[in-house]
Amino acid sequence: MIRLQSLDRRHGFDLELVLGGDLGDRRAQATQHVLAQGRADLIDTDWLSIARSQDTDAPLHAIFPYGKIVGALVVATGSGIEGLDELRGRRVGVIRASDKNWFVARAACRQRHGFDPQGIVQLAEALSKTTLLSWLESGEVEVAALPWHLAPRVTASGKFRQLCDVLDLLPELGAPSVPTTFFATRPEFAATHPKLVAAFIAAYRDAVAMMRADETLWREAAAQPGDDAVVLAGLRAAWLRRICDAWPENATSQLNDFFERLSRDSLVPADA
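Here my numbering is used: position 210 in the sequence shown is 220, and no number is missing along the way.
Written as structure tokens, this is what we have:
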């Protein structure tokens, strides 16, 4: 939307989109590698990845929140799995074992049902959302922790259903009502380009306001070939629940406290 509406030029910069693929590894997401390689100056990523990066040679610096960008656990429509308590022994696919969606699902299982599924499911790391989706469609996994934008597209076909929206698990875990996903950059880039960073944030906020107010503009930016009305309705509903355009006070410290509490209370081990 920033480029479609020339919001970048309105704010004095030219936005270039870099396609980095979706293949990451067990340490980092694909976009983190693109940033570390200098192929991009800005990515969006979750707070867990930002926090974990601080002890690496490619630390991330959060510049502005993007939203509560968490996904969903999805199963086949005919699956007998009806809740998190039925994950024992099941074939579960994740992008990475350290993925935030699986992290939160594990914490919810421990709090609700007294067990950590990490060691008692047949866990498969795809390291790619495309691979994970193919595993779900082929039946290679019974449960898939999908990114937020894939779940509505998959479930709209009727072949799959949502076991749970990870967003709905956060309140019962005592998560603060703040974003979990941020635009991030290299610390040195943020320090040397403060005006450019501010211009991007202004353009982003304008884009969010326009897409909230005008569904046609939202569809122009979000729709992919083959998306029908059902898919688009599900996507927009999920987007509206997750997106944000403000940085709440003490958001980062609240997130640090939340994840530290999950580890302290043994809902998820500290090294997860």
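For glycine and all other residues, C-beta sits at the position ideal for the given N, C-alpha and C. Just so it is clear, the structure is predicted and the values come from calculations on it, not from any experiment.
Contact check, residue i vs residue j under 8 Å by CB: the rounded distance?
i: residue 5; j: residue 213; result: Residue 5 is absent from the structure shown; the chain starts at 11 and stops at 282.
i: residue 116; j: residue 132; result: Not really, about 15 Å apart at Cβ, beyond 8 Å.
i: residue 163; j: residue 104; result: Not really, about 18 Å apart at Cβ, beyond 8 Å.
i: residue 25; j: residue 13; result: 5 Å
i: residue 188; j: residue 265; result: 6 Å
i: residue 3; j: residue 268; result: Since the first residue shown for the chain is 11 and the last is 282, residue 3 is missing from the structure and cannot be characterised.
i: residue 106; j: residue 135; result: 6 Å
i: residue 143; j: residue 119; result: With a Cβ gap of about 23 Å, residue 143 and residue 119 do not count as contacting.
Report the partner residues of residue i according to the DSSP bridge assignment.
i: residue 53; result: 194
i: residue 153; result: 85, 102
i: residue 71; result: 195
With a CB to CB cut of under 7 Å and the five nearest residues on each side skipped, what residues in its chain are close to residue i?
i: residue 221; result: 11, 227, 228, 231
i: residue 18; result: 12, 24, 25, 213
i: residue 41; result: 30, 53, 55
i: residue 180; result: 114
Between residue i and the rest of its own chain, which residues show a CB-CB distance below 8 Å, the 5 nearest in sequence each way excluded?
i: residue 250; result: 222
i: residue 8; result: The structure shown has nothing for residue 8, since the chain only spans 11 to 282.
i: residue 87; result: 168, 169, 170, 171
i: residue 262; result: 57, 72
i: residue 27; result: 13
Going by beta carbon distance, what residues of the same chain come within less than 6 Å of residue i, once the five residues before and after it are set aside?
i: residue 271; result: none
i: residue 68; result: 46
i: residue 248; result: 158, 162
i: residue 75; result: 189, 192, 254, 257
i: residue 43; result: none
Subject >> alpha helix (DSSP H) segments (min. 4 residues) lying fully within the segment 73-135 >> reply: Uninterrupted alpha helix (DSSP H) stretches at least 4 residues long and entirely within the segment 73-135 occur at 110-123, given in chain order.
Original post:
Considering only residues of the segment 246-279, which uninterrupted alpha helix (DSSP H) runs meet the minimum length of 4 residues and lie entirely inside it, listed in chain order?
Top reply: Correct list: 261-274.
**OP:** Could you pull out every unbroken beta strand (DSSP E) segment of at least 3 residues lying fully inside the segment 157-184, listed in chain order?
**Re:** Counting only runs of 3 or more, we get 170-175.
**OP:** Could you say if the segment 155-162 and the segment 79-93 meet the contact criterion of at least three C-beta pairs nearer than 8 Å?
**Re:** The segment 155-162, when compared against the segment 79-93, does touch it at the 8 Å Cβ threshold.
Subject >> Three CB pairs or more closer than 8 Å across the segment 42-54 and the segment 167-180 >> reply: They do not touch, by the three-pair rule.
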